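Novice: For the sequence shown, the residue numbers in the UniProt record's numbering are 1 to 216.
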Amino acid sequence: MTKNAPKRAWGTAIQNRDEQFEMKRQVVLRTAARTYSKRGFHETTLAEIAEELNISKPTLYYYFRSKDDILFECHRIAIEAITDDATPLPGPDEANGRERLEEFLKRYVRMVVDDFGTCLVMTGVSALEPENQGTVVEGRRRINDALVDILEDGRKDGTLQCDSPKVTAMFIFGAMNWLPQWYHSDGSLGVEEVTAQLIGFVMAGIETSGSLSPDS
Numbered sequence: 001m002t003k004n005a006p007k008r009a010w011g012t013a014i015q016n017r018d019e020q021f022e023m024k025r026q027v028v029l030r031t032a033a034r035t036y037s038k039r040g041f042h043e044t045t046l047a048e049i050a051e052e053l054n055i056s057k058p059t060l061y062y063y064f065r066s067k068d069d070i071l072f073e074c075h076r077i078a079i080e081a082i083t084d085d086a087t088p089l090p091g092p093d094e095a096n097g098r099e100r101l102e103e104f105l106k107r108y109v110r111m112v113v114d115d116f117g118t119c120l121v122m123t124g125v126s127a128l129e130p131e132n133q134g135t136v137v138e139g140r141r142r143i144n145d146a147l148v149d150i151l152e153d154g155r156k157d158g159t160l161q162c163d164s165p166k167v168t169a170m171f172i173f174g175a176m177n178w179l180p181q182w183y184h185s186d187g188s189l190g191v192e193e194v195t196a197q198l199i200g201f202v203m204a205g206i207e208t209s210g211s212l213s214p215d216s
């Protein structure tokens with residue numbers, strides 16, 4: 001540490017102003033994501049989000065310009081949970097198609113049952129400003145392409161069987177995107193159990209016998 005670095009008041013026990021700002025911003029986002037998913041984007045007002053947080057509506061404008069900005073950030077966070085280059089999915093030189101598909105499914109399920117992922121699949125992009133709409137559509141396309149590529153590689157390396165990777169991907173996304181309709185974190189099934197069962201259903205349909213692990 002640099003000797004002349006300024007010391008923080010109260011040491012490191014209390015967050016500084018920037019950290020507090022970001023923490024509050026994340027609380028706004030998560031609350032809005034839950035509210036949008038439950039009531040619908042168009043049916044939700046900023047006043048209702050402020051009421052959920054027990055703050056004034058003008059306070060929200062300190063963190064975001066509009067409902068569109070909030071929705072865009074919710075979508076962006078969800079998309080980056082899959083596409084973030086900091087934690088990339090394994091490539092074809094690191095794992096076979098079956099192994100990569102299993103990792104993709106695990107990540108996607110974790111994303112889609114989170115508040116931001118649920119918001120992504122439960123709300124549309126039509127309300128977003130054109131620039132933000134294009135960014136979200138591109139992000140969703142990258143996720144779709146990632147799954148299609150995995151299925152195609154799995155077909156080539158013999159660990160997966162599917163006549164059309166694109167059609168198979170649509171079926172898989174349909175099953176996973178339906179999870180927020182019935183899954184509840186306080187229910188009888190935990191995320192790990194739901195993930196394991198979904199992976200089992202998917203693999204039962206497209207996994208080749210030669211790729212089965214000894215424990216399958």
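The beta-carbon is built from N, C-alpha and C at its ideal position, and this holds for glycine as well. None of these values were measured; they are calculated from a predicted model.
What residue does the alpha helix (DSSP H) around V125 start on, and which one ends it?
Specialist: By one-based count along the sequence shown, residue 125 stands at place 125. Counting along the chain, V125 falls outside any alpha helix (DSSP H), and DSSP gives it neither H nor E.
Novice: Confirm the yes/no value for this check: CB of T208, any heavy atom of the ligand NAP, distance under 7 Å.
Specialist: Among the components modelled here there is no ligand, and therefore nothing to report on the ligand NAP.
Novice: Using the C-alpha atoms, what's the distance from G97 back to R155?
Specialist: Working through the sequence shown from its first residue, we reach residue 155 at position 155. Working through the sequence shown from its first residue, we reach residue 97 at position 97. Cα to Cα, the separation comes out at about 7 Å.
Novice: Considering only their Cβ atoms, is the gap separating T31 from T44 smaller than 8 Å?
Specialist: Translated into the one-based positions of the sequence shown, residue 44 becomes position 44. Translated into the one-based positions of the sequence shown, residue 31 becomes position 31. No, these two residues do not count as a Cβ contact at 8 Å.
Novice: With R100 as the anchor, note down where its alpha helix (DSSP H) starts and where it stops.
Specialist: Here residue 100 corresponds to residue number 100 of the sequence shown, with the count starting at 1. Per DSSP, R100 belongs to the alpha helix (DSSP H) from G97 to V112.
Novice: Distance check for A127 and D68, CA to CA, integer angstroms please.
Specialist: Taking the sequence shown and counting its residues from 1, the one referred to as residue 68 is at position 68. Taking the sequence shown and counting its residues from 1, the one referred to as residue 127 is at position 127. Approximately 7 Å between the Cα atoms of the pair.
Novice: For Y108, does the count of other Cβ atoms within 10 angstroms reach 16, so buried, or fall short, so exposed?
Specialist: Counting from one through the sequence shown, the residue named residue 108 turns up at place 108. With 16 or more Cβ atoms within 10 Å of its Cβ, Y108 is classed as buried.
Novice: With 16 other CB atoms within 10 Å as the buried threshold, where does H184 fall?
Specialist: In the sequence shown, the residue the question calls residue 184 occupies position 184. Looking at its Cβ environment, which holds fewer than 16 other Cβ atoms inside 10 Å, H184 is exposed.
Novice: Return the CA-CA distance between F171 and T59, expressed in angstroms with no decimal places.
Specialist: On the sequence shown, position 171 is the one that residue 171 refers to. On the sequence shown, position 59 is the one that residue 59 refers to. About 43 Å.
Novice: Please name the residue, chosen from V28, F64 and N16, that lies closest to E52 on a Cα-to-Cα basis.
Specialist: For the purposes of this step, residue 52 is identified with residue 52 of the sequence shown, where counting begins at 1. Closest by alpha carbon: V28.
Novice: Closest by CA to M111, which one among Y63, E80, E131 and E193?
Specialist: In the sequence shown, residue 111 corresponds to position 111, counting from 1. When each option's Cα is compared against that of M111, the closest is E80.
Novice: Ordered along the chain, which non-local residues of its own chain (more than five positions away) have a Cβ less than 7 Å from that of S216?
Specialist: Here residue 216 refers to the residue found at position 216 of the sequence shown. Summary for S216: the model assigns pLDDT 45, below 50, so the residue's position carries little reliability, and this model does not support an answer.
Novice: Short of 8 Å in beta carbon distance, which residues of its chain neighbour F41, apart from the five on each side in sequence? Order them along the chain.
Specialist: Numbered from 1 along the sequence shown, position 41 holds the residue referred to as residue 41. Excluding residues within five positions, the ones whose Cβ falls inside 8 Å are K67, L71, T123, G124 and A127.
Novice: With DSSP as the reference, label E22 as helix, strand or coil.
Specialist: On the sequence shown, position 22 is the one that residue 22 refers to. Helix at E22.
Novice: Which residue marks the beginning of the alpha helix (DSSP H) containing R65, and which one marks its end?
Specialist: Residue 65 sits at position 65 when you count from the first residue of the sequence shown. Element bounds for R65: n/a, residue is neither H nor E.
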